[in-house]
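What follows is a single structure, written as structure tokens, with notes after it.
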Amino acid sequence: SLERLCWLVRMAAHCLADSGAGETPLMPLPLSIAVEGGGPAVAAVEGLTAALLGLPALALQEGAAAVLSPRLMESCVWSLARWSDTYLFPEEAEGLPAALVAAYATRGSGQAEAVVDGLARLAATCLVAFPGEAELHGMVCTALLPVLSRRRPLCSSLLECSRSWGELCGAFAARRPQLTNGLAPKLQRWLSQSLCQVACGFPAADTPAGNPAAAAGHYITQLLGPTAAEVRALAARPDLYDMTSRADVIGALCGMLEVLRGGACRGAAAAGPPARAAGWGLISELLAPLLVLQRAFGDDPRVGALLLKLAAGIVEHHVGYLPTDQAHLLMNWVLELLRQYRLGRAARVSVAAAAAAARGRRKAHHFAHSQGHHLHHHHRLHHHHSNGQSAYLLQGEDAAQDAARELRALLQLLTHITQRDVALAAAASDGWATASSAGSTPRSVNMSGLLPGPGGGGSSRGNTPKGPGGSATAAVALAAAAVSSAAGGGGLAVGENESGVAQV
């Protein structure tokens, strides 16, 4: 019966709502045609909608989490996310049944606000009351919450009418264990992004309702301030280097870096200028602590990659909106981050290492497969070899994934700092193009790698793009340097030469 219920819940969403593959979610075409004819089709849509919205109420009852299946909750979350994307404060209500438009697409009736609050409560319940259910948590963070934070009317309703949303934000700001240790770093990033993106629901700057800039900025600061304070406290610990081998500390640090990337970068930028300014205000106070943490934890491949990704996110979402002195400060920090990376992890990470690990994985797989033909003759010996080869496979796979993850993050950061907008900001900055600032400012990118060919020698060098198409050229050159490094067995290192040129 549980399987049938899960199937029915998902089928209801399939029948009622669009898949979301297009730009604007719409009713399925057969259903839309039937609704236009009126009669029983409209009543069927309204009845199925009421049934779908009534089911999650079971999960919100006291003690329900102890008896409800997490798989059923996954089906409910997925189905409600799909329905909400089509019917709840839609961008285009044309073609929807009039009764559903009046109930769920307009403010003031109270019914839409109640549904929004119920969905926020459902999300919080799934995250807090179902510990260890990674798939359910992933469905909430990557499906339901992004839908709730995507449109301004929905965000306004969450901020103004949803007590449950305020409780979820409070739990996140308080760094409750269910939302930190209980979630993978990636899901913490998704959660942070959705929570911060809702700041777009504050009144626009041209409305007389209060001070939107102060409200949005306060909202972002309240959400992310405790995480930023925890990062600063960790960097200031006198026993910091004694904690670098503790898995719980590394896991917590990875989660905080992802929270900052999702909230202070992506979420704040999507919420508008006031929220973006608040996000940068938090990030700017963490530049020095992040360098300290890189020196301490930079040898860990997860921390190293996440720091590079955070730097890329900061450049992508903030540098184009900063005044000259702040942009200068940010780019100097990026260069210092790259310099420290070169002195640390970059000495042990290369494209060739990832390629070698992949080759070793294929050889080990071929060896294990060939041994399988002699299983009936040498069962114990083969079992011993299989265990050894499995361990070798896992080690090689982990090494390849770590190397690939770091190199992707590095190339992403380098691509962002060589974008045309960043180059134009550099050209307009007082002192950026002068010789006196060459020692501290990444004015160009020098890409050294083995070029494909019999001799395997050569290098490529390109200045920071100054005109149209320059960013694409830089990105292609970076990719070519990485590929040629893999072909020739060379490493990929980042640093700065005597003249202040960022070097790869």
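Heads up: the sequence shown begins at 1 in the UniProt record's numbering, then just goes up one per residue. The beta carbon of each residue, even a glycine, is placed where N, CA and C say it ideally should be.
Cβ neighbours of residue i in the same chain (closer than 6 Å, five flanking residues each side left out)
i, result
"Leu307", "Gln294"
"Leu26", "Asp18"
"Arg405", "Ala305"
"Gln194", "Inspection of the sequence shows that residue 194 is occupied by Ser rather than by Gln. The residues are Leu145, Pro146 and Ser149."
"Arg380", "At Arg380 the pLDDT is 41, less than 50, meaning the model places this residue with poor confidence; the figure from the coordinates comes in the next sentence. Closer than 6 Å at the Cβ level, and outside the excluded window around Arg380, lies no residue."
"Val42", "Val35 and Pro97"
Residue i (DSSP reduced to helix, strand or coil)
i, result
"Gly63", "coil"
"Gly38", "coil"
"Arg107", "coil"
"Pro301", "helix"
"Ala21", "coil"
"Glu113", "helix"
"Ser75", "helix"
"Pro323", "coil"
"Pro28", "coil"
"Ser69", "coil"
"Glu91", "coil"
"Thr418", "coil"
"Gly470", "Because the pLDDT at Gly470 is just 39, under 50, the model does not fix this residue reliably, and the value given afterwards should be weighed accordingly. Three-state DSSP puts Gly470 in a helix."
"Ser84", "helix"
"Glu133", "coil"
"Gly344", "coil"
"Asn387", "With a pLDDT of only 49 at Asn387, under the threshold of 50, the placement of this residue in the model should not be trusted; the figure read from the coordinates follows. DSSP places Asn387 in helix when its eight states are reduced to three."
"Leu52", "helix"
"Leu127", "helix"
"Glu230", "helix"
"Leu330", "helix"
"Ser499", "With a pLDDT of 36 at Ser499, under the threshold of 50, the modelled position of this residue cannot be trusted, and the question is left open."
"Pro289", "helix"
"Leu96", "coil"
"Leu8", "helix"
Rounded distance between the beta-carbons of residue j and residue i, thought under 8 Å
i, j, result
"Arg107", "Ser157", "7 Å"
"Gly201", "Arg152", "6 Å"
"Ala322", "Leu330", "Reading the sequence as shown, one finds Leu at residue 322 and not Ala. Between Leu330 and Leu322 the Cβ distance is about 7 Å, and since that is below 8 Å, they are a contact."
"Asp402", "Pro301", "4 Å"
"Ala275", "Ala228", "Not a contact, Cβ separation roughly 15 Å."
"Leu96", "Ala105", "7 Å"
"Trp280", "His318", "5 Å"
"Thr24", "Glu133", "The pair is not a contact, with the Cβ atoms about 32 Å apart (cut-off 8 Å)."
"Gln178", "Val128", "5 Å"
Short Cβ contact (9 Å threshold) for residue i with residue j
i, j, result
"Trp78", "Ala34", "no"
"Leu183", "Ala120", "no"
"Ser162", "Glu113", "yes"
"Leu159", "Leu122", "no"
"Ala312", "Ile220", "no"
"Cys126", "His137", "yes"
"Val334", "Leu282", "no"
"residue 505", "Pro289", "Here the chain comprises residues numbered 1 to 504, so residue 505 is not present and cannot be evaluated."
"Ala174", "Ala124", "no"
"Tyr341", "Leu410", "yes"
"Ser164", "Gly118", "yes"
"Val303", "His416", "no"
"Pro203", "Ala215", "yes"
Contacts around residue i, its chain only, beta-carbon distance under 7 Å, and the 5 residues preceding and following it disregarded
i, result
"Leu2", "Ser69 and Leu72"
"Glu258", "Pro185, Lys186, Gln188, Arg189 and Leu306"
"Ser192", "Val259, Gly262, Gly263 and Gly267"
"Val476", "Bear in mind that a pLDDT of 35 at Val476, under 50, signals an unreliable position, so the number given afterwards is only what the model happens to contain. Correct list: empty, nothing qualifies."
"Leu310", "Leu257, Leu260 and Arg261"
"Gln197", "Ser149, Gly267, Ala270 and Ala271"
"Val292", "Ala235"
"Gly38", "none"
Same chain, Cβ closer than 8 Å to residue i, five either side skipped, listed in chain order
i, result
"Leu100", "Val45, Glu46, Thr49 and Tyr87"
"Ser180", "Residue 180 is actually Thr in this sequence, not Ser. Once the five neighbours on either side are set aside, the close Cβ partners of Thr180 are Gln188, Ala252 and Gly255."
"Leu29", "none"
"Phe130", "Ala65, Pro70, Met73, Leu136 and His137"
"Ala13", "Leu52, Trp78, Ser79, Leu80, Arg82 and Trp83"
"Val9", "Leu52, Leu55, Leu72, Ser75, Cys76 and Ser79"
"residue 507", "In the structure displayed, the chain extends from 1 to 504; residue 507 sits before or after that span and is not available."
"Leu60", "Gly118, Arg121, Leu122 and Thr125"
"Glu285", "Ala228 and Arg232"
"Leu58", "Ala64 and Leu68"
"Glu336", "Leu291"
Closer than 9 Å to chain B by CB, residue i
i, result
"Ser194", "Of the protein chains in the structure, only one exists, and it is not chain B."
heavy atom of the ligand SAM below 8 Å from residue i C-beta
i, result
"Ala233", "Questions concerning the ligand SAM fall outside what the structure shown contains, since it holds no ligand whatsoever."
Q: Please list the segments of the alpha helix (DSSP H) lying wholly inside the region 236-283, counting only runs of 4 or more residues, in order along the chain.
A: 247-260
Q: Would you mind listing the alpha helix (DSSP H) stretches within the region 143-225 that are 4+ residues and don't spill past its ends, in chain order?
A: 145-148, 152-161, 163-173 and 185-197
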